[in-house]
Amino acid sequence: MKVLVIGSGGREHAIVDALARSAQVGKIWCAPGNAGIARQAECVAIGDTEVEKLCDFALRNGADLTVVGPESSLAAGVIDRFREAGLRIFGPTKAAARIESSKEFAKQLMAKYAIPTAGFRAFADYAEALAYVSARPFPAVLKYDGLAAGKGVVIAGTLTEAEAALRDMLLEDKFGAGKVVVEDYLEGPEFSFMCFVSGSRVWPMVLAQDHKRACDGDRGPNTGGMGAYSPLPFITAEDEQFALERIMQPAADAMVAEGCPFEGVLYGGLMKTARGIEVIEFNARFGDPETEVVLPRLKSDIADIFCAVADGCDAQIEWHDFATLGIVLASKGYPGTYEKGCEIGGLDEMECTVYHMGTRTEDGRVVTAGGRVLFVVGRGSTLEEARAEALRNVARIRCENLFHRTDIGHRAFE
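Here it is, written out as structure tokens:
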């Protein structure tokens, strides 16, 4: 098989790596890819939202399968265009991807089909939103209705913080013109439950937990994710069964009932609250960085799974029982402003899996090219072993402009 992967981050590197393990896959392209992906695939200089160019490339080169990584590609309608052209592609249509691209759509879907989630109201008007938030207890959960690269959620502890966030989202259009969803605040550990979905068929993946805050102790600003691990000792088999039967399967069924069946990866961002497990958000694609700790645990051939989902067929999926834990090395200053082009040393000394998130090659050197730069994955029979391996290898990376958290997985060790 010849496979095209769309995207340029750690998630796409993990997808490429999983495809490279398939005996069926002979050629992998990645558009646009990065310096690490280039070691396992041919990188193609096409942006992930350049839909026509991507479609032309797939047609011209006879791609047997295309796999979409980023939400921006889905929102640009890449799935719809490829299907129009008769190409096999893995991912949800633009209409189905609204479960991520519109928070309001997702919340209304959950309300209609009795999927457990926090109470909410949506606002397009700044004054109305501020009046509503002012009359309610804090903290307040404020979510931009559209796509915001994982940064459109603010948990405001005070009215001053809420005012600033609402101003950003509704007056300044920081993420673009759109509504704000105000939700009830929930408490409890969050976790990520990704499932392969094809219409009403749902195949669960192993669970993972992401760490959003930039600094140790879950302090600092929210990021796109600073590390992840799998499995999760604080989630029981009963919890997982509830999440599958009361959340993920009903969500897939609801999308079929609404006339926009979902095909691809449905990501449930869930929370184990005192009332039970509830939905924080849905995404319409693989999570990042959760994918980088989940796919290494996949025993089955991922090409079989991608084709089964895209073709509406059955699939059998098996998982390894070892643990994985991954640590992000990010550019200093992230998630704010940061420098690019800093040389990275030590990559050839690594003794574990390393996924590139934001790198490029410059004069034969690998340099930083994003906020999140590398993802170092340790594995072991226990999470403790996996974390020790990850930290041991992180220490081998030489770059003055990178920082990382040292406490990834701390909830599992409490």
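Just add 9 to wherever you are in the sequence shown, counting from 1, and you've got my numbering. All C-beta atoms, glycine included, are put in the ideal place defined by N, C-alpha and C.
Specify the secondary structure class of residue i as computed by DSSP and reduced to three states.
i	result
Lys121	helix
Val53	coil
Ala293	coil
Met366	coil
Glu409	coil
Leu279	strand
Ser110	helix
Ala131	strand
Pro259	helix
Arg414	coil
Ser390	coil
Ile244	coil
Phe271	coil
Thr58	coil
Arg69	helix
Arg401	helix
Ala104	coil
Ala252	helix
Leu28	helix
Thr232	coil
Glu371	strand
Ala136	helix
Val302	helix
Val87	helix
Arg381	strand
Val142	helix
Just the C-alpha distance for residue i and residue j, rounded to the nearest angstrom, thanks.
i	j	result
Arg369	Glu80	22 Å
Asp416	Val403	13 Å
Ile98	Ala104	15 Å
Gly354	Arg405	8 Å
Val372	Cys52	Looking at the sequence itself, residue 372 is Asp, so the reference to Val does not match. Roughly 17 Å between the two C-alpha positions.
Asp262	Pro270	8 Å
Leu139	Val25	45 Å
Ser201	Gly342	26 Å
Ile286	Arg107	23 Å
Ala7	Gln49	Since the first residue shown for the chain is 10 and the last is 423, residue 7 is missing from the structure and cannot be characterised.
Leu445	Val76	Nothing can be reported for residue 445, as the shown portion of the chain is limited to 10 through 423.
Glu348	Phe295	28 Å
Pro146	Ala171	12 Å
His365	Gly379	10 Å
Ala29	Val211	25 Å
Arg388	Ala94	41 Å
Gly19	Gly367	8 Å
Thr300	Ala23	7 Å
Phe331	Ser390	5 Å
Leu392	Gly197	21 Å
Gln258	Glu409	46 Å
Arg396	Ala133	44 Å
Gly236	Val337	5 Å
Ala157	Gln250	31 Å
Asp73	Ala217	30 Å
Pro101	Ala399	33 Å
Leu175	Glu192	13 Å
Give the C-beta separation of residue i and residue j to the nearest angstrom, bearing in mind that I take them to be a contact with Cβ-Cβ under 8 Å.
i	j	result
Arg222	Pro125	Contact doesn't hold; Cβ gap of about 25 Å is too wide.
Tyr153	Gly161	3 Å
Val363	Leu334	The pair is not a contact, with the Cβ atoms about 13 Å apart (cut-off 8 Å).
Ala40	Asp57	7 Å
Val14	Glu21	6 Å
Val215	Val303	6 Å
His419	Ala339	That belief does not hold up - the Cβ atoms of His419 and Ala339 are roughly 18 Å apart, past 8 Å.
Glu113	Lys188	6 Å
Thr377	Cys361	Contact flag wrong, Cβ pair sits at about 20 Å.
Val386	Ala44	Actually they are not in contact, since the Cβ atoms of Val386 and Ala44 sit about 17 Å apart, beyond 8 Å.
Met10	Ala312	6 Å
Leu63	Val87	6 Å
Ala293	Leu118	No, Ala293 and Leu118 are not in contact; Cβ-Cβ is about 12 Å, not under 8 Å.
Starting from residue i, follow its DSSP beta bridges and name the residues at the other end.
i	result
Ile286	Lys281
Pro41	Gly16
Tyr238	Gln218 and Leu334
Phe99	Val76
Lys36	Lys11
Val265	DSSP output for Val265 lists no bridge partner at all.
For the ligand NAP, is there any heavy atom lying closer than 7 Å to the beta carbon of residue i?
i	result
Val211	As for the ligand NAP, it is missing from this structure, which has no ligand bound.
Go through the region 304 to 357 residue by residue and report every complete run of the alpha helix (DSSP H) that reaches 4 residues or more, in order. Taking only runs of at least 4 residues, the alpha helix (DSSP H) segments lying wholly in the region 304 to 357 are 311 to 320.
What ranges does the alpha helix (DSSP H) occupy inside the region 147 to 227, keeping only unbroken runs of at least 4 residues that lie completely in it? The region 147 to 227 contains these whole alpha helix (DSSP H) runs: 168 to 175.
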